[in-house]
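S.K.:
2 protein chains.
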Amino acid sequence: MVEVKYVQIMLDIKKKIEQGILKPGDMLQSEKALSEEYNLSRMTVRKGLTLLSERGYITSVPGKGYFVNKPATGKYVFSFDETEFIEKYVSSVKLQQANIVKANDILQKELEVDQNTKIIMLGHIFLREDKAIAYDVKYFPYTKGDPFIESQIGYATYPLKALQNSNAFSQQRQIRISTALSDEYIQKIMKLDKPHALMVIEQKYRDLKNNTLMWGKIHILQDYAFLEGESVF
Amino acid sequence: MVEVKYVQIMLDIKKKIEQGILKPGDMLQSEKALSEEYNLSRMTVRKGLTLLSERGYITSVPGKGYFVNKPATGKYVFSFDETEFIEKYVSSVKLQQANIVKANDILQKELEVDQNTKIIMLGHIFLREDKAIAYDVKYFPYTKGDPFIESQIGYATYPLKALQNSNAFSQQRQIRISTALSDEYIQKIMKLDKPHALMVIEQKYRDLKNNTLMWGKIHILQDYAFLEGESVF
DNA sequence: TAGTGGTCTAGACCACTAG
DNA sequence: TAGTGGTCTAGACCACTAG
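As you go down the protein sequences, you meet chains A and B in turn. Take 1 as the starting number for the first sequence in my numbering and just add one per residue. Take 234 as the starting number for the second sequence in my numbering and just add one per residue.
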């Protein structure tokens, strides 16, 4: 399989970096020198270098040249999606609680609203063959007349899908993963006879104007709580 | 601040997608049509479209055109790095155990070695003001004469840094996050008086030939176990 | 066959770097 | 002042699509 020219030069330089022939901090040859060495136009060389730069191998410093990066360690990508979790493990979702509440201190902070804002709270239990494996609670600021929120009240199935589909390109999401022992309330509603370890996945959805659209926590029983990721540079 | 032309066209089309003027599945105008509309050369238009494509907004289909993507939900990037964790929370690291062991079933599977391979096992306790907050165990296949491994035995401080620095560009890393209740062994070595929730972070380092360089698990006490991430498309 | 995106070229002008 | 990377152009040839 013959690769395209800019991939060839990219792979060639990448190999030199991986083998340590080019070391972190080293300056590459100039675009001009590379285009002469590889017999390519400068734009084609640039395309190869851009790929290396996007993948974190090198950095360009205008006026000076390209430099081999010090590898950044510890960065991973992973996926988490309630709807995927549900498809994988959950046989049914039970609406456990649906309330309109006033914003307490935590909600004021997390949703960035004042104390008079009404909040829709939705609690769900995720069941697998009649056994509770996760408890999910989400809070939505209730803006009167907001067509999305109106549609959520009394929404039959799991509400998040609507939020995700509505305009996902205009959302920014944050996630926070931690762990906790089940407290008495959770043990009661999940019908656990003793304390269990839970993975707690906290999510916040924002729109492009930085308004918080949703804040919520999912508590997953340890046997069903796995996240997997891969390194990226 | 005047943006460069390819950023302008990128932002313009991005806005149309975010506002829903262009919807998932829609075909964009052709490169030629766009270059006439914006009065730009085709290469400049392409550069803008490439940015949108890299960010997950559109996909190009050769021979047909560019299409607006359906947003992929649930993908996040986050960082985890033992050395960062140590800097943030840990006042001292205690070597708890250093052994050469034979590969049992789990190690054979995780390290992809046979039963005769010798494995170096290093257990560390992470202390914060004399209190154990994490327990870390790592396994390295012992290849005789491997200069890296030789240097690890009896290595005074935390061993991972050497592995990370040695040749990080030629490594691929996997991570797996789960949660567990502390078992008796962990309670003993961490001096816990009762069961605690632990975040379990499992990491595997591979080289480019897919040899496993290291497999290990860190068990972190719930109060110190937080991972944060952001959405990416 | 006309239209699409993918690759590649040769050249231009620019701001910035560093002696 | 010579060299560097950043942007942009006008054009070429290609494989692929779909009527």
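Note that beta-carbon positions come from the ideal geometry of N, C-alpha and C, so glycine has one too.
So what does DSSP say about Ala458(B), is it helix, strand or coil?
M.R.: Coil, per DSSP.
S.K.: Rounded to the nearest angstrom, what separates Val346(B) and Trp448(B) at their Cα positions?
M.R.: C-alpha separation (whole angstroms): 12 Å.
S.K.: From Arg176(A), Asp183(A), Phe226(A), Gln222(A), pick the residue whose C-alpha is nearest to that of Ser312(B); which is it?
M.R.: Ranking the options by Cα distance to Ser312(B), first place goes to Arg176(A).
S.K.: By Cβ distance below 7 Å, which residues in the same chain neighbour Lys14(A) in space, the five residues on each side in sequence not counted?
M.R.: Closer than 7 Å at Cβ, skipping near neighbours: Leu52, Tyr57.
S.K.: Which two residues bound the contiguous beta strand (DSSP E) that contains Val370(B)?
M.R.: Residues 364-374.
S.K.: Ignore the nearest five residues each way along the sequence and tell me which others in Asp456(B)'s own chain have a CB closer than 7 Å to its CB.
M.R.: No residues qualify anywhere along the chain.
S.K.: Can you name the start and end residues of the alpha helix (DSSP H) that Glu343(B) belongs to?
M.R.: Per DSSP, Glu343(B) belongs to the alpha helix (DSSP H) from 338-344.
S.K.: Flag Ala458(B) as yes if its beta-carbon sits less than 8 Å from any beta-carbon of chain A, otherwise no.
M.R.: Yes, its Cβ sits closer than 8 Å to a Cβ of chain A.
S.K.: Excluding sequence positions up to five away, which residues of its chain have a Cβ less than 6 Å from the Cβ of Pro62(A)?
M.R.: Contacts found: none.
S.K.: If the cut is a Cβ gap below 9 Å, which residues of chain B does Arg176(A) touch?
M.R.: Here the neighbours are Phe459, Leu460, Glu461, Gly462.
S.K.: With burial defined as no fewer than 16 other Cβ atoms inside 10 Å of the residue's Cβ, what is the status of Glu150(A): buried or exposed?
M.R.: Unreliable positioning characterises Glu150(A) in this predicted model, as indicated by a pLDDT of 48, which lies under 50. The coordinate reading is nonetheless provided below. Burial call: exposed.
S.K.: DSSP beta-bridge partners for His307(A)?
M.R.: The question about residue 307(A) has no answer, for chain A in this structure spans 1 to 233.
S.K.: Quick check: is the beta carbon of Met27(A) nearer than 8 Å to any beta carbon in chain B?
M.R.: Cβ-Cβ to chain B under 8 Å: no for Met27(A).
S.K.: Suppose the cutoff is 7 Å on Cβ atoms and the five residues either side in sequence are ignored; what does the same chain contact list for Arg229(A) look like?
M.R.: For the record, residue 229(A) in the displayed sequence is Gly; it is not Arg. If we look at Gly229(A) and ignore the five residues flanking it on each side, its Cβ neighbours are Tyr76, Val77, Phe78.
S.K.: Does the Cβ of Thr412(B) have 16 or more other Cβ atoms within 10 Å, making it buried, or fewer, making it exposed?
M.R.: Classification for Thr412(B): buried.
S.K.: I'd like the span of the alpha helix (DSSP H) that includes Lys421(B), first residue to last.
M.R.: Counting along the chain, the alpha helix (DSSP H) containing Lys421(B) begins and ends at 417-423.
S.K.: If you count every other CB in all the chains shown that lies within 10 Å of the CB of Gly281(B), and 16 or more means buried, which is it?
M.R.: So Gly281(B) counts as buried.
S.K.: Tell me the rounded alpha-carbon separation between Phe85(A) and Leu414(B).
M.R.: Roughly 22 Å separates the two Cα atoms.
S.K.: Do Leu122(A) and Lys94(A) have their C-beta atoms within less than 8 Å of each other?
M.R.: No, the pair does not count as a contact, with Cβ atoms beyond the cut-off.
S.K.: Using a Cβ-Cβ distance cut-off of 8 Å, determine whether Thr277(B) contacts chain A.
M.R.: No, no contact with chain A.
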